[in-house]
Amino acid sequence: MKKITVPIKGMHCHSCELIIEDELLRVPGVCKVNACENKACAEIYYETEFLRIGEIDQAVQKAGYEVGINEKKPWVSKNSADYADILYAGAALFFLYVIVNVFGLTKFLGVGGGHPTSLVTVLLIGLTAGFSTCMALIGGLVLGSATRYTQKHPNATSGQRFVPHLWFTVGRIVSYTVLGGVIGGIGSFFQFSGFSLGLLTVAVALVMLTLGMQLTGLFPRLEGVTLSLPKGIARLLGIKDQGAGEYSHKNSFLLGASTFFLPCGFTQAMQLYAMSSGNVFSGAAIMGVFAIGTAPGLLGIGGLTSLIRGVFAQKFFKFAGVAVIALSLFNINNAFNLIGWNPLMGLSSDGSVLAANTENTVLLEGDVQIVKMTQDAQGYTPNSFTIVKGVPVKWIVNATDVNTCASSIVSSQIGVRKNLHPGENIIEFTPTETGTIHFSCMMGMYRGSFTVVNSTDGVQVPDTQVLAAQATSPAVPSANEGGSCGGGGCGCGGEQYE
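Residue numbers (the working numbering): 2 to 499.
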């Protein structure tokens, strides 16, 4: 068996390797191909006396790539037009942000609320992925399925020829929703600590940050950085082989469902997010919404995609890149809260600075401190308390909306990790040291704190046996001193990290 190595330009992920390998295997005489994105080449094994280079070149071009050596790209773009586009994209994003906040749409869209990454964020990433080159392999499967349907039904109308696309997309959405719930459940099984969950969230946010930077086009060298499953998984599952079989609606549905396992950086990031949610329903929602986001791009292959090509496509990707970068930075901030370090204290998940809510009082009943707090879609109210060291605490949380990220509470300092159920939830602990005890939702978006003081020094206890928390709590810093957040946002409640 003979071997030649052909340099190929344009590869950027494992999906590219699969596409090139499948196309080269169709060349007469070729019996094995091993494409490598990192080395930008393909090793071609053949048994014939010689191999026609022209046929190799045609096969590579048919796959959407070029034979040749990649030029070394700079780390930072020198094209002034790229920076102008980013400024316009940033301005458009800021305008959209203002509109959303002015009309109070955040509570309906789930921005800063709802699920861990905000379903709007997930939808945006899905929409971007659906029109990106990462969908090249999946797009090929869609076209292959539609082509076999057309061959089987040559007299089908345009509407009927669209049916394979629908079955494929429905299979994909169902699969992503179900398997997203599975990996979300797996995440709950591992029971990540607040610190571990914070590190995991930072890792995922860094992946999002990298994807966003790639989309902006300002960092050409980063375009070669990928995060995806090994291409062997697709081979092992026989996804490409299944795509080449006899057409049926069932096969098209299953083909779409199997794409959950295909190598794609966007998909991997969302799968990791679903697992970090530690919740079956959150995991299902994250992956399901992501699949829905990719649907327009996949359904539009061969027709509607013409609307988002060329110059408009470049503008769209830059806008999406800026949005993904901004959202990744907020997720990094939230993750740092879980780890115990908050460099952007006082910023809520929607970027606003809110005051700590300390209006509530702590009841002292016998030898137990009673703390009452309400959880809803906007976080925790109140979210800052003062308690006495050495006195048992009965923390009563009235959960009014358990379908949000705020329905899970974690505090590594007192060993608490609890998923709230509707109604009253009781958490008991005894503070053993003075200082600040931080708590937050599982993703660090909604936060609060307990300030632990010695004995009852300086604490006013009126006849009603109410511990006035404000009497001993340190002054809440103003926004320009670090800020803090109230129950309506994702803040620190005046907490000071030590």
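Each residue gets a CB set at the ideal place from its N, CA and C atoms; glycine is no exception. Computed from a predicted structure; not experimentally measured.
Check                                                                                                                                                                               : Outcome
Quick check: the Cα distance between Val452 and Leu299, rounded to an integer number of angstroms?                                                                                  : Here the sequence assigns Thr to residue 452, which means Val is not the residue at that position. Cα-Cα distance, rounded: 52 Å.
Quick check on DSSP: helix, strand or coil for Trp396?                                                                                                                              : strand
Where DSSP assigns a beta bridge to Arg448, which residues make up the other side?                                                                                                  : Ser441
Would you mind stating whether Thr510 and Ala130 have Cβ atoms separated by less than 9 Å?                                                                                          : Shown here, the chain extends from 2 to 499; a query on residue 510 therefore has no answer.
Look up Tyr66 in the DSSP assignment and say whether it is helix, strand or coil.                                                                                                   : coil
Distance check for Asn252 and Lys395, CA to CA, integer angstroms please.                                                                                                           : 56 Å
Take Val61 as the anchor and find which of Ile87, Glu22, Pro423 and Gly182 has the nearest alpha-carbon.                                                                            : Glu22
Under a three-way DSSP split, which group does Pro8 fall into?                                                                                                                      : strand
What's the call for Arg222, buried or exposed, on a 16-neighbour Cβ count within 10 Å?                                                                                              : exposed
Compare the Cα-Cα distances from Ser441 to each of Arg418, Gly416 and Val411 and report the closest residue.                                                                        : Val411
Do you know whose CA, among Leu97, Ile184, Gln370 and Gly188, lies nearest Met288's CA?                                                                                             : Ile184
Could you name the residues of the same chain whose beta carbon sits closer than 7 Å to that of Asp58, not counting the 5 residues immediately before and after it, in chain order? : Val68
Skipping 5 residues on each side, what residues in its chain have a beta carbon closer than 6 Å to that of Ile371?                                                                  : Leu364 and Lys395
Locate the alpha helix (DSSP H) running through Ile415, then write down its first and last residues.                                                                                : Per DSSP, Ile415 belongs to no alpha helix (DSSP H) and is neither H nor E.
Quick one: which unbroken beta strand (DSSP E) runs of 3-plus residues sit fully inside the segment 20 to 79? Chain order, please.                                                  : 31 to 37 and 42 to 47
Which one of Asn338, Gly182, Ile45 and Pro165 has the shortest CA to CA distance from Leu256?                                                                                       : Pro165
Is it right to say Val460 is buried, meaning 16 or more other beta carbons lie within 10 angstroms of its own, or is it exposed?                                                    : Note that Val460 scores a pLDDT of 45, beneath 50, so its modelled location is shaky and nothing firm can be said.
What residues in its chain sit with their C-beta under 7 Å from that of Gly181, if we drop five residues either side in the sequence?                                               : Ala275, Gly284, Ala285, Ile287, Met288 and Gly289
If you follow the alpha helix (DSSP H) that Asn515 is in, where does it begin and where does it stop?                                                                               : The chain is shown only over 2 to 499; residue 515 falls outside these bounds and no answer can be derived.
Note down the Cα distance separating Asn399 from Glu429, rounded to an integer number of angstroms.                                                                                 : 14 Å
Going by DSSP, name the residue or residues bridged to Val453.                                                                                                                      : Ile388 and Gly436
Can you look up Val372 in the DSSP assignment and give me helix, strand or coil?                                                                                                    : strand
Using the Cα positions of Met209 and Leu330, report the straight-line distance between them to the nearest angstrom.                                                                : 9 Å
What does DSSP give as the partner residue(s) for Phe430 in the beta ladder?                                                                                                        : Val394
Which residue comes first and which comes last in the alpha helix (DSSP H) that contains Gly279?                                                                                    : Premise fails: Gly279 is in no alpha helix (DSSP H) and is neither H nor E.
DSSP puts Tyr381 in a beta bridge; with which residues?                                                                                                                             : Gln376
What does Ser409 pair with, by DSSP beta-bridge criteria?                                                                                                                           : Asn420
Could you pull out every residue in the same chain whose Cβ sits closer than 7 Å to the Cβ of Val403, ignoring the five residues on either side in sequence?                        : Leu421, His422 and Pro423
Ordered along the chain, which non-local residues of its own chain (more than five positions away) have a Cβ less than 7 Å from that of Ala324?                                     : Leu94 and Leu125
For the alpha helix (DSSP H) that contains Val171, what are its first and last residues?                                                                                            : Val164 to Phe191
Indicate, with yes or no, if the ligand HEM has a heavy atom lying under 8 Å from the CB of Cys442.                                                                                 : Looking for the ligand HEM in the displayed structure turns up nothing, as the structure carries no ligands at all.
Could you tell me the distance, in whole angstroms, from the CA atom of Gly218 to the CA atom of His13?                                                                             : 14 Å
Determine the DSSP secondary structure at Leu364, reduced to helix, strand or coil.                                                                                                 : strand
Any idea if Trp1 is buried or exposed, counting beta-carbon neighbours within 10 angstroms, 16 or more meaning buried?                                                              : Here the chain comprises residues numbered 2 to 499, so residue 1 is not present and cannot be evaluated.
Could you check the C-alpha separation between Val205 and Thr49 for me, to the nearest Å?                                                                                           : 47 Å
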